[in-house]
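Structure, as structure tokens:
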Amino acid sequence: MVKLTICNRVKELRARFNFTQSVLAEKVGVTRQTIAAIEKGDYVPSLLLALTICDVFELKMEDVFVLNKEGKENE
Numbered sequence: 001m002v003k004l005t006i007c008n009r010v011k012e013l014r015a016r017f018n019f020t021q022s023v024l025a026e027k028v029g030v031t032r033q034t035i036a037a038i039e040k041g042d043y044v045p046s047l048l049l050a051l052t053i054c055d056v057f058e059l060k061m062e063d064v065f066v067l068n069k070e071g072k073e074n075e
């Protein structure tokens, strides 16, 4: 069985841009707690929120969010 998870580089990019969690949260219209949860992997953002985050960093989706596959596919 394949387990899919979404990893992200939000924390790394936020640090590179010198944004606090609060600043990024304000820019994308969510709470600081939501940004913290995204960074920890506890929350997967909606497509709209993910695109908004990418827009803030001026990056493509695949440069910020990565789909990981774990396990083997059943034949």
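Sequential numbering from 1 applies to the sequence shown in full-length UniProt numbering.
All C-beta atoms in this analysis are idealised placements derived from N, C-alpha and C, irrespective of residue type, glycine included.
- Message: If contact is defined by three or more beta carbon pairs under 8 Å, each pair taking one atom from either stretch, is the region 6-24 in contact with the region 48-58?
- Response: yes
- Sorry if obvious, but does the Cβ on L59 come closer than 7 Å to a heavy atom of the ligand NAD? Ligands are entirely absent from the displayed structure, and the ligand NAD is therefore not among its contents.
- Query: DSSP on V66, reduced to helix/strand/coil?
  - Reply: strand
- Task: Have a look at K53 and V44 and give me their C-alpha separation to the nearest angstrom.
- Result: The identity of residue 53 in the sequence shown is Ile, whereas the question assumes Lys. If I take the Cα positions, the gap works out to 12 Å.
- Query: CB-CB under 7 Å to F65, same chain, minus the five flanking residues each way: which ones, in chain order?
  - Reply: I6, N8, A50
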